[in-house]
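K.L.:
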Amino acid sequence: MVCEMGGDYLSDMEVEVLPSMWPVDLGNELGKQFNIEIPGASQELLEEVAIVEDPSVVDFKRLLELTNYSERGSSQLAYLVKQWEFKQNNAVRLLKEELDILSKQRQEVELKKLEILEAHRFEEDKYVGDKRPVSILDEGYDIWETIPRRRNEIVVQNSNFEIDSEYDSVKYWKQRAKELEKLLEESTRREQRLQDKLQENIENLARQSSPVEELSQILKRADNFLHFVLQNAPVVIGHQDKDLRYRFIYNPHPTLQEEEIIGRTDVEIFTGAGVKESQDFKKEVLERGLPAKREITFETELFGSKTFLIYVEPVFSKAGDTIGVNYMGMDITDQVIKREKMAKLREEIAVQKAKETELNKTIHITEETMRAKQMLATMSHEIRSPLSGVVSMAEILANSKLDPEQRQLLDVMLSSGDLVLQLINDILDLSKVESGVMKLEAAKFRPREVVKHVLQTAAASLQKELTLEGHITDDVPLEVIGDVLRIRQILTNLISNAVKFTHEGKVGVNLYVIPEPDCGHSGRCTQTVSDAQSSDSRKARVEDSIPAYPSNSYVEGGVSDEQPGSARIKASASLDDDKEDSLETKVWLRCDVYDTGIGIPEKALPSLFKKYMQVSADHARKYGGTGLGLAICKQLVELMGGHLTVSSQEHHGSTFTFELPCRVPLKRVHSDDTDEEISDMLDHDATMDDDEAKVGHFCFKPRTLGTLFSSGGPIARAKLLNNTINMQRSLPKETYSLPMSIHTTNDSAQVKNSCSATDTIDSSGSKFPREPMDIDNNESIIEEERKKNDQVCPQVNGCRSGSAELDALSYPSDNCSQPRQMSCSDPDNGNEKKQSCETSCKSQEHANRSLDSSGLSKAQSQAKILLVEDNKINIMVTQSMMKQLGHKIDIVNNGVEAVRAVQSCRYDLILMDVCMPIMDGLQATQLIRSFEETGNWDAAREAGVEGLPSCSGSQSSSQEALESWNRIPIIAMTANALAESVAECLANGMDSFVAKPVTFQKLKHCLQNYLSV
Amino acid sequence: MLGLGATQLEDDMHRLLSSLFHQGVLDDHFSQLQRLQDHDSPNFVVEVVSIYFRESEKLLTTLRALLLERECTDYKKMGTHLNRLMGSSSSIGANRVRNVCVALRTFSERSNRAGCINSLEQLEYEQCLLKSKLHELFQLEQQRLMASGLGYGYHSIMLD
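Line by line, the protein sequences give chains R and C. Its first residue numbered 1, the first sequence is counted upward by one per residue in the UniProt record's numbering. Its first residue numbered 1, the second sequence is counted upward by one per residue in the UniProt record's numbering.
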């Protein structure tokens, strides 16, 4: 029984062999640090797959060093050792317990033996069985496989011996002794066996638990798993020492042998872009001691262009020094390429979108602009149509019989209408050009004639003393093809502009041929030529330009080439001769419009061609205009493929230059039909012969000035008078005879001529020339708009009577005879005076006279009153009041005019405004008083009043005049009815004053006091 | 029937005129102006007034330009323009315009820019008011003339 028991026990003991440190049957016990699974099947699989060539290359010495010196290595090692020690301890403890049990059992056995002996002695059976259960530690390991629990409880069963023999007999004792001896023997044997087993276990233990073996086993397993995981991953793992020499590298697709890598640095291993960078990066990590990631693109011979995401972490020694780096690189070339592609795509999309937005915006703006322009054009057109109706009706009305007042109103109406029409036409033109609607026509025309006619027209409407001249070089073709209407428009615009801003000197046009301008041409014609030198050089160039382009050069050559060309075309009967023209004979015409006017300040040049821009607000006020003219010119020129530039010197003049490409027509049949083709030209020019057509010089001198509206006003008029009077000797013979407007009749005298010139202003100044009217249309017109300067026309009205001398030469009531009488004037001074008076009155008043003959007779009996006033309203009101009071009055607008009026007429009363431009009432009064005292106008002349008769040779007559000359009552009209102002008036020789605004009562009172009729 | 309409319109005119006089927009000079209108010059008032507006609007523009465009306003020049405007305004009896002109001139004499701008704005307002009122008046008159069948409603010059 005991044997059986012992056998059981032993067999149990045998099972209890210490398990291996890396258990084979890991089973499903997960949750371990390594999470290693080794299923039976995959074990083989793993072994099958296992890479034949170990890709990882290890420098074991280094590993040893690492484990020795690096913190992590040593801790890992210590951990392993600790584990091992723990396991050993466990085993020792187990063995000790085992030993304890054994020794206890032995003690018991010995005890029993003693007991047996005693019992034997005492013959008492006191054998006690051992029932103690053996329990062994059952705690498990954290990491390692728990030591299997002792499954069996050792129970030593107490067995009672049964002895057959009779108690206390010898036999009995003998038997018993034998039994016991057997038992003892058995026990001893068992003990022996246990001891053997123990010995064996101890041996086994010692053999099995070699730490290095275990560790390497573990490592090997980890290694295998790592290989398994990493074998296809594009990952390179490595360790490099302090000098960045490789100590370990794992590369799934090695291209180099171990010995080629270990112990070398990156730079030594391979070359190319990125190598240095990665080396530097590793160095940086080494120095900074912080792990870092970076993307590096390699371009090496070894593996081509690849991008790696590199992770480098420093490895520290126990002392905290960096002793190397761990390095891990992943090939992300594909990702980088994709990423870059994506970025590119995104960028493209963004650009596309931005473009789209921009485009939409532009489209929107363009549409808006077009719509606005279209609307402008439509509106302008809509406005123009009814306005044309109004203007033409008014023109028809102007031909009917009207009283002067109605006519005056009608004239205002017409001029305003014309102005509005002009404005709207300008706007229309501009919007047409801008919206691309404007079509250019191609027609033959003669440039010389265009220049001539434009100058003629300008001269006819000239209101000041200016010389207009034109010069066309010989090389300019007789005929060219172009849009003559537009070219005329440009020329007219530029010339009228030049005239507007020129007060004396000349305005001229130079037309000549230039070689085709090169690209840099516009640069040459900068808009900032403003200093004297460049101005001079410009002039020089203009003058030189004639010899500079000799007649046999470019154009002439072209013209001479023309002949065979035309012959050829005729021969081929080509219908497409337009094209041929453009191919063969294109000519660039350059036209300078120069003046000696006020010039343009340099700062205003850039904005000169902008719409609605004028040089300054002051200019706008002084000269009027909408500021559209130049913009239109520029746009038109550019539309024709040319360019318009300007050079100017302030106070000295400006030159506007435009260059246009024109085609020269082929001279098919040089015969009469040429004239017919120039349909545009004025009819009466059509008949002129070629010699006449080739005239290259035109000059319009101010001789024919007949206007009273000139900016110079009376001054100009006075000069004109002198001119007229001294006509016999001073008539410039070389002057180009200005063809007068059509209605000018055969032998009308010079003055009549001048009147008709005035007439011409009226008609040609407007866009829609009215029918030439008879002479009584020639009255003065209050039309500020047309004159475009501040000068109010002097209205020296009704100076036809009043003084005895003048009466002596009583006028024939037939006004038509007056001019003739004028023209045969004698040089007598008194007559001259009278004459000038007459002239000044004539053009304004004889219409009134002719219509109002009753007024004429009445006026002669009336007192002559002069109103000196600049305010239109006041003029109208006063005039009207006077009319109601039964007086007709003469009106002038400032002191200078007043002095002149007094000089030419006798007045019974002067109503003098105090505040007036040019010369105020006080000074005028002084001058008049001075004349009354001295009998000459020296004071006035000194004061700058021009056009007064010279005193030489007229002393007697002026003395004579003085005798009959009473002191003219001069009444101040002042809004400043303050005491000192009144005193001032009186001190300056005025007799009284009327406070403004004038009333019936005041006027009446005043007239009663001073007109002692 | 025509006569009735004319009477009605005449009443309206009188009412408008008296209100303008009452408000001080116009004064006696306007009546004088009206008295100056006769068969010889049937549209005298309209003519004068339209010239007045043409002139005064130019002057106002000038004044405004003088005040705003320059850094240092030319007050002397302003004074000249103001005198003109005052003269015209008082001639046609635009009482309130004239009064504002006086104020503006005072400011300009003292070189008070802010005051000038203020007054100028007031002036423009008064001008506007006057214009619209007179326009109304003339329209009434025209209608009256047409209603009364007088053929000489020659109103070619309108107030704009």
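For glycine and all other residues, C-beta sits at the position ideal for the given N, C-alpha and C. Small disclaimer: the values here were computed from a predicted structure and weren't measured.
#1: Assign E358 of chain R to buried or exposed, taking buried as 16 or more other Cβ atoms, counted over all protein chains shown, within 10 Å of its Cβ.
#2: From which residue to which residue does the beta strand (DSSP E) around M328 of chain R run?
#3: Quick check on V92 of chain R: buried or exposed, where buried means 16 or more other Cβ atoms within 10 Å of its Cβ?
#4: In chain order, which continuous runs of the beta strand (DSSP E) of length 3 or greater are located wholly inside the segment 454-528 of chain R?
#5: How is the beta strand (DSSP E) around R294 of chain R delimited, first residue to last?
#6: Does the separation of the CB atoms of L67 of chain C and A94 of chain C fall below 8 Å?
#7: Between which two residues does the alpha helix (DSSP H) holding residue 1043 of chain R run?
#8: In whole angstroms, what separates the C-alpha of V476 of chain R from that of V513 of chain R?
#9: Under 8 Å between beta-carbons, which chain C residues line up against I873 of chain R? List them in chain order, please.
#10: Is it a yes or a no for the segment 288-299 of chain R touching the segment 307-314 of chain R, going by three-plus beta-carbon pairs under 8 Å?
#11: May I have a chain-ordered list of the alpha helix (DSSP H) segments no shorter than 4 residues that lie completely inside the segment 353-439 of chain R?
#12: Tell me the DSSP secondary structure of H643 of chain R in three-state form.
#13: Residues in the same chain with beta-carbon distance under 8 Å from R98 of chain C, minus the five sequence neighbours each way, listed in chain order, please.
#14: With a CB to CB cut of under 8 Å and the five nearest residues on each side skipped, what residues in its chain are close to L455 of chain R?
#15: Measuring CB to CB, does G376 of chain R end up less than 8 Å from G417 of chain R?
#16: Compute the Euclidean distance between the alpha carbons of E136 of chain C and V25 of chain C, then round it to the nearest angstrom.
#17: So S41 of chain C contacts chain R; which residues on that side make the cut at Cβ distance below 7 Å?
#18: Can you tell which of R:S930, R:P661, R:S654 and R:F656 has its C-alpha closest to the C-alpha of M640 of chain R?
#19: Please identify, using Cβ separations under 8 Å, the residues of the segment 384-397 of chain R that lie next to chain C, in order along the chain.
#20: What does a CB cutoff of less than 6 Å around R96 of chain C pick up in its chain, not counting 5 residues either side in sequence?
#21: Measure the alpha-carbon distance for S958 of chain R versus N871 of chain R and round it to whole angstroms.
#22: Q32 of chain C versus chain R: which residues are under 7 Å apart at the beta carbon?
#23: Can you tell me which of R:N224, R:V914, R:F228 and R:P254 puts its alpha carbon nearest to the alpha carbon of G238 of chain R?
#24: For R446 of chain R, name the three-state secondary structure that DSSP assigns.
#25: If you follow the beta strand (DSSP E) that residue 1015 of chain R is in, where does it begin and where does it stop?
#26: Taking 6 Å as the limit between beta carbons, can you name the residues of its chain near D913 of chain R, skipping five residues before and five after?
#27: Please name the residue, chosen from R:N497, R:E504, R:K439 and R:D474, that lies closest to V484 of chain R on a Cα-to-Cα basis.
#28: Take every Cβ of the segment 312-320 of chain R, pair it with every Cβ of the segment 339-356 of chain R, and state whether three or more of those distances are shorter than 8 Å.
#29: Answer yes or no: does any C-beta atom of chain R fall closer than 8 Å to that of F44 of chain C?
#30: Does the segment 597-609 of chain R come close enough to the segment 641-649 of chain R that 3 or more CB-CB pairs lie under 8 Å?
#31: Would you list, in sequence order, the uninterrupted beta strand (DSSP E) runs of no fewer than 3 residues that lie entirely inside the segment 191-267 of chain R?
#32: Would you please verify whether the beta carbon of L36 of chain C is less than 8 Å from any beta carbon of chain R?
#33: Helix, strand or coil: how does DSSP classify D11 of chain C here?
#34: On the three-pair Cβ rule with 8 Å, is the segment 274-293 of chain R touching the segment 208-228 of chain R?
#35: Within this structure, are the beta carbons of L409 of chain R and E10 of chain C separated by less than 8 Å?
#36: Alpha carbon to alpha carbon, what distance is there between E650 of chain R and S607 of chain R?
P.N.:
Checking against the coordinates, here is how it stands:
#1: Taking all protein chains in view, the Cβ of E358 of chain R is surrounded by fewer than 16 other Cβ atoms within 10 Å, so the residue is classified as exposed.
#2: Run containing M328 of chain R: T322 to D331, per the beta strand (DSSP E) assignment.
#3: V92 of chain R counts as exposed, since fewer than 16 other beta carbons sit within 10 angstroms of its beta carbon.
#4: For the segment 454-528 of chain R, whole beta strand (DSSP E) runs of length 3 or above, ordered along the chain, are 466-472, 480-482 and 505-514.
#5: R294 of chain R -> beta strand (DSSP E) spans A292 to T300.
#6: The beta carbons of L67 of chain C and A94 of chain C sit no closer together than 8 Å.
#7: With chain R represented from 1 up to 1013, any question about residue 1043 of chain R goes unanswered, as that position is not in the structure.
#8: V476 of chain R and V513 of chain R have their C-alpha atoms roughly 6 Å apart.
#9: Against chain C, a Cβ distance below 8 Å from I873 of chain R picks out V48, I51, Y52, E55, G87, S88, S91 and I92.
#10: Taking a contact to require three or more Cβ pairs closer than 8 Å, the segment 288-299 of chain R and the segment 307-314 of chain R qualify as touching.
#11: Runs found: 404-434.
#12: Under the three-state reduction of DSSP output, H643 of chain R falls in the strand class.
#13: Same-chain partners within the cutoff: M86, S89 and S90.
#14: Hits under 8 Å: L468, E469, G470, I495, V509, F698 and F700.
#15: In the sequence as displayed, the identity of residue 376 of chain R is Leu instead of Gly. Their beta carbons are not under 8 Å apart, which means L376 of chain R does not touch G417 of chain R by this criterion.
#16: Looking at the two C-alpha atoms, the distance is approximately 14 Å.
#17: Within 7 Å Cβ-Cβ: E405 and S880.
#18: Comparing alpha carbon positions, the residue from R:S930, R:P661, R:S654 and R:F656 closest to M640 of chain R is R:P661.
#19: Correct list: A394.
#20: For R96 of chain C, the CB contacts under 6 Å within the same chain, skipping 5 residues up- and downstream, are G24, V25 and E126 in chain order.
#21: With a pLDDT of 48 at S958 of chain R, under the threshold of 50, the modelled position of that residue is not reliable, and the figure given next carries that caveat. Take the alpha-carbon of S958 of chain R and the one of N871 of chain R: they are about 33 Å apart.
#22: Going along chain R in sequence order, the residues near Q32 of chain C (Cβ under 7 Å) are T999 and F1000.
#23: Taking the Cα of G238 of chain R as reference, the smallest distance to any Cα among R:N224, R:V914, R:F228 and R:P254 is reached at R:P254.
#24: In this structure, DSSP gives R446 of chain R a state outside helix and strand, which the three-state scheme calls coil.
#25: Past the edges of chain R, shown from 1 to 1013, lies residue 1015 of chain R, and the structure says nothing about it.
#26: Excluding sequence positions up to five before and after D913 of chain R, its CB lies within less than 6 Å of the CB of V868, E869, G921 and M973, all in the same chain and listed in chain order.
#27: When C-alpha distances from V484 of chain R are compared across R:N497, R:E504, R:K439 and R:D474, the shortest belongs to R:K439.
#28: Counting Cβ pairs under 8 Å, fewer than three are found: no touch.
#29: Using a Cβ-Cβ cut-off of 8 Å, F44 of chain C counts as an interface residue toward chain R, since at least one Cβ of chain R sits closer than that to its own.
#30: Taking 8 Å as the limit for Cβ pairs, the verdict is that the segment 597-609 of chain R does touch the segment 641-649 of chain R.
#31: DSSP runs (the beta strand (DSSP E)) wholly in the segment 191-267 of chain R: 235-241 and 246-250.
#32: Yes, its Cβ sits closer than 8 Å to a Cβ of chain R.
#33: Note: D11 of chain C maps to helix in three-state DSSP.
#34: Not touching, per the Cβ criterion.
#35: No.
#36: One Cα belongs to S607 of chain R, the other to E650 of chain R, and the distance between them is close to 16 Å.
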